[in-house]
Amino acid sequence: MKRKTWAYIWTAAALIWMVVIFMKSAEPYQEQDMRPFLKNWISEERLTSWLPHISFTYDGHPVTWQKPYDMLEFFIRKAGHVAEFALLMLFVTLALLSWRKAFYPMLGLGTLISVGYAATDEWHQTFVPGRTGHVVDVLVDSIGIVLVALIWLLVHVCMTKANLKPAAKEKEEL
Numbered sequence: 002m003k004r005k006t007w008a009y010i011w012t013a014a015a016l017i018w019m020v021v022i023f024m025k026s027a028e029p030y031q032e033q034d035m036r037p038f039l040k041n042w043i044s045e046e047r048l049t050s051w052l053p054h055i056s057f058t059y060d061g062h063p064v065t066w067q068k069p070y071d072m073l074e075f076f077i078r079k080a081g082h083v084a085e086f087a088l089l090m091l092f093v094t095l096a097l098l099s100w101r102k103a104f105y106p107m108l109g110l111g112t113l114i115s116v117g118y119a120a121t122d123e124w125h126q127t128f129v130p131g132r133t134g135h136v137v138d139v140l141v142d143s144i145g146i147v148l149v150a151l152i153w154l155l156v157h158v159c160m161t162k163a164n165l166k167p168a169a170k171e172k173e174e175l
C-alpha cells in the first residue's frame, strides 16, 4: 500500500477511536458498573482471598480489600483506561508518522495529542450524570501513553543502531 493510503487508514483509526472514547465517557457510571457481573462470576470469599489486603485512598475515595468487588472493579477500570489511551497513542502516532517521517517530533506530537485528549475526556465527564473528571485520572491515562512512547523509542533506537552498524562496516572496508 502507498504511504498516503496508510496515512488515511491510521488517521481514520485514531479519529474512530477518539469517538469510541467519547461515547464511552458519555455513559453514566450506572451503565458501566461491573460489580453485578463480578458478583455472578466470582464469590466474595474467593475474591477476598485473591486480592491483596491493602487499603488506600484514590482521589479522596477509599479503595479497600474489605469491599472486594469495588476494589476489583477499580483496578479493571484503571487498566482499561491505560489500555484505551495506549491504543489511542499508537493510532495517533502511526497516523502522524504516515504523513511525515520525522520520528522524534511526530512521537512528541502524538504524545501531546493523546494527553490532551485524555484531559478533554476528563473534562467531558464532568458534564455526564454520575461521572466525575479528575486530574489524577489524566495521569492514569498517561501511563498508557508514556508506555507506548517508551516502547516506540526503544524499538526505534534499537532499529536505528542495527541499521547503522552495517553502514559503518562498509565505510571501513572502503
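Sequential numbering of the sequence shown, starting at 2, is according to my numbering. Ideal Cβ positions, reconstructed from N, Cα and C, are used throughout, including at glycine.
Pull up the DSSP beta-bridge partners for V64, would you.
Here residue 64 is taken as the residue at index 63 of the sequence shown, counted from 1. Answer is F57, bridged to V64.
So, at 8 Å on beta carbons, what are the nonlocal neighbours of T58 in its own chain, with the 5 sequence-adjacent residues on each side left out?
As a position in the sequence shown, residue 58 is number 57, starting the count at 1. Result list for T58: V64, in chain order.
Using a threshold of 8 Å, state whether the C-beta atoms of L98 and L154 are closer than that.
As a first step, residue 98 is located in the sequence shown; it is residue number 97 there, counting from the start. As a first step, residue 154 is located in the sequence shown; it is residue number 153 there, counting from the start. Not closer than 8 Å, so no.
Taking only the alpha-carbon atoms, compute the straight-line gap between V141 and V83 and give it to the nearest angstrom.
By 1-based counting over the sequence shown, the position of residue 141 is 140. By 1-based counting over the sequence shown, the position of residue 83 is 82. Near 6 Å, if we compare the C-alpha coordinates of V83 and V141.
Considering only their Cβ atoms, is the gap separating G111 from V93 smaller than 8 Å?
The sequence position of residue 93 within the sequence shown is 92, counting from 1. The sequence position of residue 111 within the sequence shown is 110, counting from 1. Yes; because the gap between Cβ atoms is below 8 Å, this pair is in contact.
Let me know if S143 comes out buried or exposed under the rule of 16 or more other beta-carbons within 10 Å of its beta-carbon.
Taking the sequence shown and counting its residues from 1, one reaches residue 143 at position 142. Buried, because 16 or more other Cβ atoms sit within 10 Å of the Cβ of S143.
Take M35 and list the residues in its own chain whose beta-carbon comes closer than 6 Å to its own, dropping the five residues that flank it on each side.
Walking along the sequence shown from the start, residue 35 turns up at place 34. Correct list, in chain order: E74.
In chain order, what residues of the same chain lie with their CB nearer than 8 Å to the CB of A8, ignoring the 5 residues before and after it?
Locating residue 8 in the sequence shown gives position 7, counting from the first residue. Same-chain partners within the cutoff: A96, S99 and W100.
Kindly indicate which three-state DSSP category E28 falls into: helix, strand or coil?
Indexing the sequence shown from 1 puts residue 28 at position 27. In this structure, E28 counts as coil in the three-state DSSP scheme.
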